[in-house]
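K.L.:
For the sequence shown, this note's numbering assigns the number 987 to the initial residue and increments by one for each residue that follows.
If you scroll down you'll find the structure; I have some questions about it.
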Amino acid sequence: MPLVEKNLTNMNQEIKNIFPSDINQIQEWLKSGDVRVCVVGIGRIGLPTALSFAHAGLPTIGIDINANLVHMVNSGNYPLKDEPGFDKIFEEVIKNKKLKATTEISEAVPQCNLILLSLPTPMDKNNVPDYSAIVSVGKSLSSLIRKGSIVVVESTIEPGFVENELTSILEGSDKRLKAGQDFSIATCPETANPGEILSDFKKLPRLVGGINERTAKIVSKIYGHVFGVEIIEMPDCKTANAAKLTANVFRDINIAFINELAILFENLGIDILKVLEACDKKYNFETHYPGAGVGGPCLPVNSYQILNSARGMENNGMLRIIRAARETNESMPYHVVELLADALNDIGKSVKDSTITLLGISYKPNVKDIQLAPAEAIIKRLDQLQAKIKIYDPYFKDSTVFSHKTETNLDDALTNSDAVVIVTAHNEFRTIEPSLFVAKMKIPVVIDSRGIINSHAAKKAGLVFRGIGRGGV
Ligand SMILES: NC(=O)c1ccc[n+]([C@@H]2O[C@H](COP(=O)([O-])OP(=O)(O)OC[C@H]3O[C@@H](n4cnc5c(N)ncnc54)[C@H](O)[C@@H]3O)[C@@H](O)[C@H]2O)c1
């Protein structure tokens, strides 16, 4: 049953045309609350964004197809428990009625003049980017947006998607409104990190590109007002999206480079953490760490988005390094299982029938998020090898994840286990003393894929220890 929030805004109030407008008018309307905002998609990024616009005094409506989420928001139940700082803002804006949520896009959009899209842009099982949520919402918007509105795409999209696809989708087949003339389109790709969104919102510059210069200027003023950070005006939408992807693909590639060195150093008896500590002293080195793989809704997808944007070009636009980086990072879960098999082999055991405890399944520390998490590939491989699997993650207690039941506490997870694999460096795991493994486990085999265990302490406690890139420890 759709959730319709009636009286989302004061229906009698005139809704201003914010495009085209002059910059002085926008400043006034920002102060008077005449910039009225819809955020379509109020998930990990969209809800904090909606909260920020509402907190800046702009009446804001969150639109989502997830009726439970909409209900939670409207009943004052803050959904993003692992996103510190926003809970207080949430309470305030819900109390002041600056933010409401609805499942009904057709009710909400005509009452707004600024429409932000914070919709998912995942990829399919063949690693092809999937923009179907934006396309489907775009089709609805074509008959709903008012003259004088601006649509801002916050989702991560390929360079050229706005220019080549979204513009004509929003104009609709009847061309009721012409983009750049009657309404406009901009991009402001989100670059915040899950778990740190509030602090990122307060410090990271925002990249704004528009389908024309005036749009970029208006949207820059709006974002400057809401976030109070540096606004970088980009020449167009595609350049803004290219910058977002470049920053993330840079990380994917560098992590792959360090992962390759890590495997080499294991064979050469060198501890990569010592190498990275030394390299970090050099002013132009940027430290990246090896690990069980690169997951989440951003880095892996962003690499495939760049690869996809070169489809049809000669040699697929070259892009050999990105492809190789993906291959390396996607192979890391299997390397973790090889380290495990090797350590068990040292004490005369095999993975088959051993009880293996995975610590952490989130794709990154201290967030509740398993999208494209390397843990999934590790679990699949261990299932194939007929291991008995136990899982403990403080964000997924006593539930079922990747077809396995999870434990409720660390003690139960370690008790009678043959081996532990640290997959995610959640804070709770950083403080574990190696002696705890010895006390609780049947055999203290520990595989540290995130470099959080001190090798001296591990040796002193008598662990059978392996870590990615931890040769010679
Ligand atoms: N999560 C991150 O780390 C992060 C960081 C930067 C950028 N991004 C980008 O931001 C965008 C959003 O990502 P997210 O992590 O917030 O995703 P999310 O899955 O947490 O949230 C997306 C929301 O959109 C809703 N939705 C899906 N289809 C819809 C539709 N047709 N109509 C209305 N609502 C719909 C979903 O129910 C969900 O609540 C993506 O492009 C992502 O790449 C994400």
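Using N, Cα and C, we set each Cβ at its ideal position, and we do this for glycine too.
Remember, it's a predicted structure, so these values are computed and weren't measured experimentally.
Under 6 angstroms from any heavy atom of ligand 1, does the C-beta of Leu1105 make it?
P.N.:
Checking the Cβ of Leu1105 against ligand 1 gives yes.
K.L.:
Closest by CA to Ser1336, which one among Ser1295, Gly1124, Arg1309 and Val1323?
P.N.:
Val1323
K.L.:
Counting only the same chain and skipping the five closest in sequence on each side, list residues whose C-beta sits under 6 angstroms from that of Asp1460.
P.N.:
No answer is possible for residue 1460: the residues shown for the chain start at 987 and end at 1459.
K.L.:
Is Gly1146 near ligand 1, going by C-beta to nearest heavy atom under 6 angstroms?
P.N.:
At a cut-off of 6 angstroms, the beta-carbon of Gly1146 does not count as near ligand 1: no heavy atom of the ligand is closer than that.
K.L.:
Jot down the residue ranges of each uninterrupted beta strand (DSSP E) in the stretch 1146–1230, minimum 3 residues, whole runs only, in chain order.
P.N.:
1170–1173, 1192–1196 and 1217–1219
K.L.:
In whole angstroms, what is the alpha-carbon distance linking Arg1416 and Gly1346?
P.N.:
Distance between the alpha carbons of Arg1416 and Gly1346 is about 11 angstroms.
K.L.:
Which residue marks the beginning of the beta strand (DSSP E) containing Thr1341, and which one marks its end?
P.N.:
Thr1341 to Leu1345
K.L.:
With three or more beta-carbon pairs closer than 8 angstroms as the criterion, would you say the stretch 1156–1175 touches the stretch 1242–1256?
P.N.:
no
K.L.:
Below 8 angstroms on the Cβ atoms is my contact criterion, and I expect Ser1340 with Asp1398 to pass it. Report the Cβ-Cβ distance as a whole number of Å.
P.N.:
About 18 angstroms; that fails the 8 angstroms criterion.
K.L.:
In this structure, how does DSSP classify Cys1098 when only helix, strand and coil are distinguished?
P.N.:
coil
K.L.:
Please find out if some non-hydrogen atom of ligand 1 comes closer than 6 angstroms to the beta-carbon of Ser1092.
P.N.:
No, ligand 1 has no heavy atom inside 6 angstroms of this Cβ.
K.L.:
Hey, Asp1222 and Gly1195 are a contact pair by Cβ (cut 8 angstroms); roughly how many whole angstroms apart?
P.N.:
5 angstroms
K.L.:
Does Thr1046 come out as helix, strand or coil in the three-state DSSP assignment?
P.N.:
strand
K.L.:
If you measure from the CB of Asp1050, is any heavy atom of ligand 1 nearer than 6 angstroms?
P.N.:
Yes; taking the cut-off as 6 angstroms, the Cβ of Asp1050 has a heavy atom of ligand 1 nearer than that.
K.L.:
Under DSSP, the alpha helix (DSSP H) around Gly928 begins and ends at which residues?
P.N.:
What is shown of the chain runs 987 to 1459, which leaves residue 928 out entirely.
K.L.:
With distances taken from CA atoms, which of Thr1088, Val1059, Asp1068 and Ser1092 is nearest Phe1076?
P.N.:
Val1059
K.L.:
According to DSSP, what are the bridge partners of Met1058?
P.N.:
Looking at the DSSP assignment, Met1058 forms no beta bridge with any residue, so it has no partner.
K.L.:
For Lys1121, which residues of its own chain have a beta-carbon under 7 angstroms away from its beta-carbon, when the five flanking residues on both sides are left out?
P.N.:
At residue 1121 the sequence reads Val, which differs from the Lys that was named. Within the same chain, Val1121 has close Cβ partners Ile1155.
K.L.:
Quick one: does the C-beta of Val1123 sit closer than 6 angstroms to a heavy atom of ligand 1?
P.N.:
yes
K.L.:
With a CB to CB cut of under 6 angstroms and the five nearest residues on each side skipped, what residues in its chain are close to Leu1102?
P.N.:
The residues are Val1025, Val1138 and Glu1140.
K.L.:
Please go through the same chain and pick out, in chain order, the residues whose beta-carbon is closer than 8 angstroms to the beta-carbon of Ala1310, but skip the five residues on each side of it.
P.N.:
Ala1242
K.L.:
Which whole-angstrom value is the C-beta distance of Lys1207 and Ile1377, which I expect to be below 8 angstroms?
P.N.:
Wrong, their Cβ atoms sit about 48 angstroms apart, outside the cutoff.
K.L.:
Does the stretch 1049–1056 touch the stretch 1028–1039, meaning 3 or more C-beta pairs lie closer than 8 angstroms?
P.N.:
Contact between the stretch 1028–1039 and the stretch 1049–1056 is present, because at least three Cβ pairs lie under 8 angstroms.
K.L.:
At a cut-off of 6 angstroms, is Pro1180 close to ligand 1 when judged by its beta-carbon and the heavy atoms of the ligand?
P.N.:
yes
K.L.:
Using the beta-carbon count (16 or more within 10 Å), is Asp1257 buried or exposed?
P.N.:
buried
K.L.:
Just verifying my parser: in three-state terms, what is the DSSP assignment at Tyr1269?
P.N.:
coil
K.L.:
Cβ of Pro1283 versus every heavy atom of ligand 1: is any distance shorter than 6 angstroms?
P.N.:
Between ligand 1 and the CB of Pro1283, the shortest heavy atom gap is smaller than 6 angstroms.
K.L.:
Give me, in chain order, the residues of the same chain whose beta-carbon lies closer than 8 angstroms to that of Ile1342; leave out the 5 immediate sequence neighbours on both sides.
P.N.:
If the five residues before and after Ile1342 are omitted, its C-beta is found closer than 8 angstroms to the C-beta atoms of Leu1326, Leu1368, Ala1373, Lys1374, Ile1375, Lys1376, Ser1403, Asp1404, Ala1405, Val1406 and Val1407, all from its own chain and listed in chain order.
K.L.:
Could you give the DSSP three-state label for Lys1366: helix, strand or coil?
P.N.:
helix
K.L.:
Report buried or exposed for Leu1250, applying the criterion of at least 16 other Cβ atoms within 10 angstroms of its Cβ.
P.N.:
It is exposed - the Cβ of Leu1250 has fewer than 16 other Cβ atoms within 10 Å.
K.L.:
Ligand 1 and Ile1031: does the residue's C-beta get closer than 6 angstroms to at least one heavy atom of that ligand?
P.N.:
Ile1031 Cβ: within cutoff of ligand 1.
K.L.:
Can you find the residues in the same chain that come closer than 8 angstroms, C-beta to C-beta, to Pro1180, ignoring five residues on each side of it along the sequence?
P.N.:
Arg1030, Asp1068, Glu1069, Gly1282, Lys1350, Val1353 and Asp1355.
K.L.:
What whole-angstrom Cβ distance do Leu1231 and Ile1292 have, given they're in contact under 8 angstroms?
P.N.:
5 angstroms
K.L.:
Alpha carbon to alpha carbon, what distance is there between Arg1192 and Glu1176?
P.N.:
The C-alpha of Arg1192 is placed about 8 angstroms away from the C-alpha of Glu1176.
K.L.:
When DSSP labels each residue in this structure, what does Leu1103 get in the three-state scheme?
P.N.:
Under the three-state reduction of DSSP, Leu1103 is assigned to strand.
K.L.:
Could you check if Arg1022 is buried or exposed, using at least 16 other CB atoms within 10 Å of its CB as the buried criterion?
P.N.:
With 16 or more other CB atoms across the displayed protein chains lying within 10 angstroms of its CB, Arg1022 is buried.
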